[in-house]
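Here is the structure we will look at, set down as structure tokens.
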Amino acid sequence: MIVELQCLASPAGTPDDPYKHIDAAIGVVQGSGLRYEVGALGTTVEGEPDEVWPLMRQVHEACLNAGARGLVTVIKVEQTSSVGGPTIDSLTGKFRGGG
Numbered sequence: 002m003i004v005e006l007q008c009l010a011s012p013a014g015t016p017d018d019p020y021k022h023i024d025a026a027i028g029v030v031q032g033s034g035l036r037y038e039v040g041a042l043g044t045t046v047e048g049e050p051d052e053v054w055p056l057m058r059q060v061h062e063a064c065l066n067a068g069a070r071g072l073v074t075v076i077k078v079e080q081t082s083s084v085g086g087p088t089i090d091s092l093t094g095k096f097r098g099g100g
């Protein structure tokens, strides 16, 4: 399963730490042990459904727990019924290094 999460926190952070609430969400992903990539407008996570579904809630709540007054989280999910579906690398690998 692959998901992309985009947390639209209001505000994104504080005057001293402009991305504090977003960084808290990314910290949850980093601590998950799952394969992930942070992008400019969202974070992609790869893992088993039983790991990824609860993680999405934890990421969402991390922004609020960090002090965001409001939050919209946009979630895209890619999952197949067969074993060994697409991976982050299989979908984006050919575009890396083109910078």
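The numbering of the sequence shown is my numbering, which starts it at 2 and goes up by one.
Even glycine gets a Cβ: it sits at the ideal position worked out from N, Cα and C.
The Cβ atoms of Q7 and L42 sit closer than 8 Å to each other.
The stretch 19–30 and the stretch 60–73 touch, with three or more beta-carbon pairs separated by less than 8 Å. Rounded to whole angstroms, the gap between the alpha carbons of P50 and T44 is 16 Å. The Cβ atoms of P12 and A69 lie closer than 8 Å to each other. Per DSSP, the beta bridge partners of V75 are Q7.
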